[in-house]
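A.B. asks:
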Amino acid sequence: MNSAVPVLTVDGPSGSGKGTISALVAQRLGWHLLDSGALYRLVAFGAGRHQIDLADETALAEYAAGLDVSFELVPGATEVRILLEGEPVGAAIRTEACGNSASRVAALGRVREALLQRQRDFRQPPGLVADGRDMGTVVFPDAEVKIFLTASVEERARRRYKQLIEKGISANLADLMKEIAERDARDTQRAVSPLKPAADAVVLDTSEMNINEVVDKVLALCRERFDNLPQ
Ligand code: C5P
Numbered sequence: 005m006n007s008a009v010p011v012l013t014v015d016g017p018s019g020s021g022k023g024t025i026s027a028l029v030a031q032r033l034g035w036h037l038l039d040s041g042a043l044y045r046l047v048a049f050g051a052g053r054h055q056i057d058l059a060d061e062t063a064l065a066e067y068a069a070g071l072d073v074s075f076e077l078v079p080g081a082t083e084v085r086i087l088l089e090g091e092p093v094g095a096a097i098r099t100e101a102c103g104n105s106a107s108r109v110a111a112l113g114r115v116r117e118a119l120l121q122r123q124r125d126f127r128q129p130p131g132l133v134a135d136g137r138d139m140g141t142v143v144f145p146d147a148e149v150k151i152f153l154t155a156s157v158e159e160r161a162r163r164r165y166k167q168l169i170e171k172g173i174s175a176n177l178a179d180l181m182k183e184i185a186e187r188d189a190r191d192t193q194r195a196v197s198p199l200k201p202a203a204d205a206v207v208l209d210t211s212e213m214n215i216n217e218v219v220d221k222v223l224a225l226c227r228e229r230f231d232n233l234p235q
């Protein structure tokens with residue numbers, strides 16, 4: 005583990021704002037970004053493409069270990085371009101169906117193990133913002149700053165609805181609320197790496213906060229801990 009490189013971990017449930025906050029903070033700091041959820045989504049998506057059964061842990065772990073993926077930075081944008089087996093996957097991995105399949109494959113210990121080193125390899129100078137569920141507890145337990153973002157199920161469903169509609173993906177608020185509650189249950193109750201704040205994480209409830217307020221709060225916590233950060 006390259007423990008000389010600083011890491012900020014941002015964990016929390018679906019729709020807590022992790023993705024947006026992590027991307028904005030990484031951009032402000034000029035640090036790398038690890039979207040670990042995308043890796044689980046890619047395994048689920050690729051499994052569909054290769055007709056691998058979502059319950060076949062051995063085959064999924066093998067596929068995850070050899071996952072042919074690259075993350076390309078798009079200059080000026082907060083999103084990265086993701087290529088799976090050489091092809092851009094874009095919105096295909098962002099659907100609720102793919103998120104739900106991702107949460108199923110993410111419950112399998114051998115899949116998580118297969119992705120562990122790949123995630124740690126993102127720790128490159130000048131620093132890393134790691135977005136996920138177990139960044140502070142399992143993947144980067146020695147991270148200097150750990151944030152756990154939460155928000156009510158209703159608020160998270162509303163945010164997800166807005167996000168999907170903006171991306172041109174159709175959505176239904178009541179269905180989203182139900183799916184988010186189900187995904188929370190699966191993510192928090194699984195035996196391996198369950199979703200929970202690290203003992204040394206700062207827990208931020210963002211239900212009543214806007215994106216700028218959360219970004220400012222996270223940057224303030226980083227400035228308390230790290231010297232020489234860009235203003
Ligand atoms: O964050 P995102 O919604 O893209 O993640 C999709 C799913 O991947 C989550 O519901 C969760 O089950 C799983 N995941 C995980 N550990 C991570 C990131 C995501 O188990 N570090």
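Per the working numbering: the sequence shown = residues 5 to 235. Here a beta-carbon is modelled for each residue, glycine too, at the ideal position from N, C-alpha and C. Owing to the predicted nature of the structure, the values given are computational and were not obtained by experimental measurement.
Closest by CA to V196, which one among A106, A111, P92?
C.D. replies: Within the sequence shown, numbered from 1, the residue matching residue 196 stands at position 192. For V196, the nearest C-alpha among the options comes from A111.
A.B. asks: Straight-line CA distance for L46 to A106?
C.D. replies: Position 42 of the sequence shown, counting from 1, holds the residue named residue 46. Position 102 of the sequence shown, counting from 1, holds the residue named residue 106. Distance between the alpha carbons of L46 and A106 is about 8 Å.
A.B. asks: Within 10 angstroms of its Cβ, does H36 collect 16 or more other Cβ (buried), or is it exposed?
C.D. replies: For the purposes of this step, residue 36 is taken as the residue at position 32 of the sequence shown. The residue in question, H36, is buried, as its Cβ has 16 or more Cβ neighbours within 10 Å.
A.B. asks: Look at the Cβ atom of L173, then the Cβ atom of A95, and state whether they are nearer than 8 Å.
C.D. replies: As a first step, residue 173 is located in the sequence shown; it is residue number 169 there, counting from the start. As a first step, residue 95 is located in the sequence shown; it is residue number 91 there, counting from the start. Strictly speaking, residue 173 in this sequence is Ile, with Leu absent from that position. Their beta carbons are under 8 Å apart, which means I173 touches A95 by this criterion.
A.B. asks: Excluding the 5 residues preceding and the 5 following V219 in the sequence, name in chain order all residues of the same chain whose CB lies nearer than 8 Å to its CB.
C.D. replies: In the sequence shown, counting from the first residue as 1, residue 219 sits at position 215. Excluding positions up to five away in sequence, the list reads I25, L28, V29, R32.
A.B. asks: Nearest-angstrom Cα distance between H54 and R122?
C.D. replies: Translated into the one-based positions of the sequence shown, residue 54 becomes position 50. Translated into the one-based positions of the sequence shown, residue 122 becomes position 118. In a straight line, the C-alpha of H54 is about 21 Å away from that of R122.
A.B. asks: Using only the heavy atoms of the ligand C5P, determine whether one of them is closer than 7 Å to the beta carbon of G136.
C.D. replies: Taking the first residue of the sequence shown as 1, we reach residue 136 at position 132. Yes, the beta carbon of G136 sits closer than 7 Å to at least one heavy atom of the ligand C5P.
A.B. asks: When the Cα atoms are used, what is the spatial distance from A69 to F126?
C.D. replies: Position 65 of the sequence shown, counted from the start, is the residue given in the question as residue 69. Position 122 of the sequence shown, counted from the start, is the residue given in the question as residue 126. In a straight line, the C-alpha of A69 is about 16 Å away from that of F126.
A.B. asks: Roughly how many angstroms lie between the CA atoms of G19 and T62, to the nearest whole one?
C.D. replies: By one-based count along the sequence shown, residue 19 stands at place 15. By one-based count along the sequence shown, residue 62 stands at place 58. Approximately 30 Å, taken between the alpha carbons.
A.B. asks: For V73, which residues does DSSP report across the bridge?
C.D. replies: By one-based count along the sequence shown, residue 73 stands at place 69. L88, per the DSSP bridge assignment.
A.B. asks: Who are the near neighbours of G34 in its chain, counting only those whose CB is closer than 7 Å to its CB and skipping five residues on each side?
C.D. replies: The residue given as residue 34 occupies position 30 in the sequence shown. Answer for G34: P130, P234, listed in chain order.
A.B. asks: Check for me: the beta strand (DSSP E) holding K150 runs from which residue to which?
C.D. replies: Translated into positions along the sequence shown, residue 150 becomes position 146. Taken as a continuous stretch (DSSP letters only), the beta strand (DSSP E) holding K150 covers 149 to 154.
A.B. asks: Once the 5 residues before and after D39 are set aside, which same chain residues still bring their CB inside 6 Å of it?
C.D. replies: Locating residue 39 in the sequence shown gives position 35, counting from the first residue. The residues are D135.
A.B. asks: Touch check for the region 153 to 166 and the region 199 to 218: three-plus C-beta pairs under 8 Å?
C.D. replies: Yes, they touch.
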